[in-house]
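Residue numbers (my numbering): 652 to 851.
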């Protein structure tokens, strides 16, 4: 019952995360250190680093806060986040959220399975359709704090799914992503991740 109530509250946007109002212009001035990994336009050139362009400001600010606070483990990002104030995080989030995501390509061999998982889930495994939280075009749900996934690098998404499946990443509300990811096979993770890279 508690899990259902929390999921309902999150879906209605009552996530409990409150962040300062961000200033995109100020964020652009603070973002130079981010460009080396995430790109000046928020679209990283290396698939090991996530694209930040077009991501919800709420989600970005929460991730920075979680990394700074040690809730989300990211040795590479921890040093950068450590010196950020709440206002810095909000400004950076506002800047990157206003940029345009570059969409990649779905591997044709993985497209059918990936689309099925994303749009319909896997009933016999109890895996809900990803579209329920992340939207028909992978745009996410900013009010609920659910991230945009459209155009994100497949290898990055796959890595995060694996991290959720082992609880190496555990900053998802009420364990929602951990519950989903642990039910997916490696092939299913790869397929849905590839589908997302080309989703527009």
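Using N, Cα and C, we set each Cβ at its ideal position, and we do this for glycine too.
Counting only runs of at least 4 residues, the segment 778-810 fully encloses the following alpha helix (DSSP H) elements, listed from N- to C-terminal order: 782-785.
With a cutoff of 7 Å on beta-carbon distance, residue 687 and residue 756 are scored as not near each other.
Rounded to the nearest whole angstrom, the C-alpha separation of residue 694 and residue 774 is 34 Å. Using a Cβ-Cβ distance cut-off of 8 Å, the segment 818-838 and the segment 769-783 are in contact, since at least three pairs of beta carbons, one from each stretch, lie closer than that value. Under the 8 Å Cβ criterion, the segment 763-770 does not count as touching the segment 706-724, having fewer than three qualifying pairs. Residue 734 and residue 725 have their alpha carbons spaced roughly 15 Å apart.
Assigned with DSSP and collapsed to three states, residue 773 falls in strand. Where residue 754 is concerned, there is no enclosing alpha helix (DSSP H), because DSSP gives it neither an H nor an E.
Rounded to whole angstroms, the gap between the alpha carbons of residue 822 and residue 717 is 7 Å. Straight-line measurement puts the Cα of residue 777 at about 31 Å from the Cα of residue 712. Scanning the segment 679-751 for uninterrupted alpha helix (DSSP H) segments of 4 residues or longer gives 683-689, 708-720, 726-733 and 737-748, listed from N- to C-terminal end. Counted as a single uninterrupted DSSP element, the stretch harbouring residue 672 is not any alpha helix (DSSP H), since DSSP gives it neither H nor E. Where residue 842 is concerned, the enclosing alpha helix (DSSP H) starts and stops at 837-848.
The three-state secondary structure of residue 762, taken from DSSP, is helix. For residue 820, there is no enclosing alpha helix (DSSP H), since its DSSP letter is neither H nor E.
Within the same chain, 752, 754, 788, 789, 790, 847, 850 and 851 come within 7 Å of residue 801 by CB-CB distance, once the 5 residues on both sides are set aside.
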